[in-house]
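**Student:**
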Amino acid sequence: MNHLTESLTTIALAIVGVAILAVLVSRNANTSGVIQSAASGFGNSLLAAEAPVTGSAGTANLSYPGSSDSMGLYALTANIPTGL
Numbered sequence: 001m002n003h004l005t006e007s008l009t010t011i012a013l014a015i016v017g018v019a020i021l022a023v024l025v026s027r028n029a030n031t032s033g034v035i036q037s038a039a040s041g042f043g044n045s046l047l048a049a050e051a052p053v054t055g056s057a058g059t060a061n062l063s064y065p066g067s068s069d070s071m072g073l074y075a076l077t078a079n080i081p082t083g084l
């Protein structure tokens, strides 16, 4: 059973890897939009994870890539305390 799970995981990761590579190198791909979306999602996740520790509610960045500044990470930088 363990070998089967490992094999299925390897196949799934290979499929995801090929899909990511296809999106990044395709002529029709919006590579910068994909990268900005990933950065925005990561930034929002990081903001939510830090909220219980910092006490800051923060504001998630839900704007479409290209309409925000700094790759969608404004919500993170806006809540950094000054004077550190």
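Quick note: the sequence shown uses my numbering, first residue 1, plus one each step.
Ideal Cβ placement from N, Cα and C applies to all residues, glycine included.
It should be emphasised that the depicted structure is a prediction, and the values quoted were computed from it without experimental measurement.
#1: Output the boundary residues of the alpha helix (DSSP H) element that contains A38.
#2: Going by DSSP, what residue range makes up the alpha helix (DSSP H) through L4?
#3: Can the beta-carbon of A14 be found closer than 8 angstroms to that of V23?
#4: Would N44 and A57 be called neighbours here (beta carbons separated by less than 8 angstroms)?
#5: Thinking just about the alpha-carbon of each residue, which of V34, S7 and T10 is nearest to the one in I20?
#6: For A48, which residues in the same chain have their Cβ closer than 8 angstroms to its Cβ, ignoring the five residues on either side in sequence?
**Tutor:** A quick look at the data gives this:
#1: If you number the sequence shown from 1, residue 38 lands on position 38. That run of the alpha helix (DSSP H) goes T31 to T54.
#2: By 1-based counting over the sequence shown, the position of residue 4 is 4. Its alpha helix (DSSP H) spans residues N2 to V25.
#3: One-based indexing of the sequence shown puts residue 14 at position 14. One-based indexing of the sequence shown puts residue 23 at position 23. Not closer than 8 angstroms, so no.
#4: Position 44 of the sequence shown holds residue 44. Position 57 of the sequence shown holds residue 57. The answer is no: Cβ separation not under 8 angstroms.
#5: On the sequence shown, residue 20 is found 20 positions in, with the first residue counted as 1. Among V34, S7 and T10, the Cα nearest to that of I20 belongs to V34.
#6: The residue given as residue 48 occupies position 48 in the sequence shown. Within the same chain, A48 has close Cβ partners G58 and A60.
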